[in-house]
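S.K.:
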Amino acid sequence: HAKGQDHQQYAFFNTYLSNKVQRKHELELLLKKADYHQEFELYYQPQFSIPQGELIGIEALLRWKSKEKGMISPGEFIPIAEEIGSIVKIGEWVMEKAIAQIAEWNKQYDLNLKMGINISPRQLNSLNFMHMFDSFIQAYDIKPEWLDIEITENSAMNNESTMEEMFTALANRGASISIDDFGTGYSSLSYIKRFDVNRLKIAKPLIDNISSNHSDRQIVKAIVMLAKAMAIKTIAEGVEYQDQLDQLINLGCDEVQGFFYSRPLPAKELEKIYLSVNEANKIVQVNS
Ligand code: C2E
Ligand code: MG
Ligand code: MG
Ligand code: MG
496 HAKGQDHQQY AFFNTYLSNK VQRKHELELL LKKADYHQEF ELYYQPQFSI PQGELIGIEA
556 LLRWKSKEKG MISPGEFIPI AEEIGSIVKI GEWVMEKAIA QIAEWNKQYD LNLKMGINIS
616 PRQLNSLNFM HMFDSFIQAY DIKPEWLDIE ITENSAMNNE STMEEMFTAL ANRGASISID
676 DFGTGYSSLS YIKRFDVNRL KIAKPLIDNI SSNHSDRQIV KAIVMLAKAM AIKTIAEGVE
736 YQDQLDQLIN LGCDEVQGFF YSRPLPAKEL EKIYLSVNEA NKIVQVNS
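Its first residue numbered 496, the sequence shown is counted upward by one per residue in UniProt numbering.
1. Applying the 10 Å Cβ sphere with the 16-neighbour rule, what's the burial state of Lys529?
2. Give, in chain order, every unbroken run of the alpha helix (DSSP H) that is at least 4 residues long and sits entirely within the stretch 611-667.
3. Between which residues of its own chain and Lys592 is the CB-CB distance below 7 Å, once the five residues before and five after are set aside?
4. So does Lys728 have its beta carbon nearer than 7 Å to some heavy atom of ligand 3?
5. State the Cα-Cα distance for the pair Ile674 and Glu648, rounded to the nearest angstrom.
6. Quick one: is Lys515 buried, meaning 16 or more other Cβ sit within 10 Å of its Cβ, or exposed?
7. Between which two residues does the alpha helix (DSSP H) harbouring Asp711 extend?
8. For the stretch 570-579 against the stretch 625-635, are there 3 or more C-beta pairs whose distance is under 8 Å?
9. With respect to 7 Å, is the separation between the Cβ of Ile582 and the closest non-hydrogen atom of ligand 1 below this value?
10. Which parts of the stretch 508-544 are runs of the beta strand (DSSP E), unbroken and 3 residues or longer, counting only runs that do not cross its ends?
11. Near Met590, which residues of its chain fall below 8 Å by C-beta distance, leaving aside the five closest residues on each side in sequence?
12. Compute every distance between the C-beta of Glu732 and the non-hydrogen atoms of ligand 3, then say whether any falls below 7 Å.
13. For His520, which residues of its own chain have a beta-carbon under 6 Å away from its beta-carbon, when the five flanking residues on both sides are left out?
14. Nearest CA to the CA of residue 784: which residue from Lys602, Trp641 and Arg694?
15. Rounded to whole angstroms, what is the Cα-Cα separation between Gln503 and Trp641?
16. Can you tell me which of the three DSSP states Ala576 falls into?
17. Could you pull out every residue in the same chain whose Cβ sits closer than 6 Å to the Cβ of Ser783, ignoring the five residues on either side in sequence?
18. Should Lys609 be counted as a contact of ligand 3 given a C-beta to heavy atom distance under 7 Å?
19. Please report how far the alpha carbon of Tyr635 lies from the alpha carbon of Gln713, in whole angstroms.
Have a look at this one:
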């Protein structure tokens, strides 16, 4: 009997694995032949200062509407794109699109918003990266200060020497650098100083239980204090509830981003809600 069960479990596991492998293989092929202009779209999620509630930036988040498979989340396809190398071309598409968008918005509405762009380590390793960066900045005639480059904690730690070079090059141009998902990876505090980072994005898992879990709250508190001591900004990711916001205001966190305010939105919607109406609309209520 036990043996039969083993076999069943084995067969089940096998099917599960081969489905996963097959799905991944399919996505690889589709990614390679995807028409970016048709199938990709950037969504935009606003970021606000606290407690003022002023719109200060926007993060660009990639969406893939595959002709064959429908909507596929970046959590699934970005790692695949990294593995097969497509991320370099995809990243180029994202960079151009995001730069064009912030150029349009900041000029049209006379703003100085920052556009956050997620970058994979593999893109930074490519020699072409800074060249691409410079040529888009020129082509769309934007201030590099309008750009915030987001790199995850672990990828920054994995490629220290390349990272240091790239961070310096970006900082020299006036772009800012945020460490994404901070507080869940293996952190070395010294690299924050060495890499001239501008902002820490405190990872959502630490924010999730900030109200109910004492030690999570203490960790966030320590991160905020550390950042303040180093003159670095903090932004909390994945804020969904008022009580999380209250805690973050209490701890002195600088900025927030999350469903509490807004999900990532298509460009037109973000523009309609947050940019185009009037000055008062740029301030959202945070303490009601
Ligand atoms: P990330 O950069 O940490 O982005 C934040 C993710 O959290 C986004 O998921 C966003 O939609 C989600 N989020 C924001 N606020 C909340 C909230 O209050 N609750 C919950 N449950 N989720 C929230 P998304 O868009 O699915 O992106 C997932 C990850 O994919 C990103 O994490 C980033 O690492 C990667 N990614 C997205 N776009 C790009 C891109 O253009 N290039 C690269 N290299 N990576 C990207
Ligand atoms: Mg990010
Ligand atoms: Mg993040
Ligand atoms: Mg700096």
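Beta carbons are placed, not taken as given, at the ideal position from N, Cα and C, and that holds for glycine.
M.R.: Answer, in terms of the structure:
1. At residue 529 the sequence reads Ala, which differs from the Lys that was named. Burial check for Ala529: the Cβ neighbour count within 10 Å reaches 16 or more, so the residue is buried.
2. Scanning the stretch 611-667 from its first residue to its last, the whole alpha helix (DSSP H) runs of 4-plus residues come out as 616-620, 624-634 and 648-653.
3. Same-chain partners within the cutoff: Leu537.
4. Distances between the C-beta of Lys728 and the heavy atoms of ligand 3 are all 7 Å or more.
5. The C-alpha of Glu648 is placed about 6 Å away from the C-alpha of Ile674.
6. Lys515 counts as exposed, since fewer than 16 other C-beta atoms from the protein chains shown sit within 10 angstroms of its C-beta.
7. Note, Asp711: alpha helix (DSSP H), His709 to Ala724.
8. By the Cβ rule, the stretch 570-579 does not count as touching the stretch 625-635, because fewer than three pairs are nearer than 8 Å.
9. Ile582: yes, Cβ under 7 Å from ligand 1.
10. Every beta strand (DSSP E) of 3 residues or more that sits fully in the stretch 508-544 is shown, in chain order, as 535-544.
11. Only Ile612, Met627, Phe628 and Phe631 meet the Cβ criterion.
12. Because some heavy atom of ligand 3 lies under 7 Å away, the Cβ of Glu732 counts as near it: yes.
13. So the list is empty, once near-sequence residues are dropped.
14. Here the chain has residues from 496 to 783 only, and residue 784 is not among them.
15. Going from the Cα of Gln503 to the Cα of Trp641 covers about 57 Å.
16. Helix.
17. Confidence at Ser783 is low in this model, with a pLDDT of 42, below 50, so the placement of that residue is unreliable and no value is reported for it.
18. Taking 7 Å as the cut-off, the C-beta of Lys609 does not count as close to any heavy atom of ligand 3.
19. Their Cα atoms are separated by approximately 43 Å.
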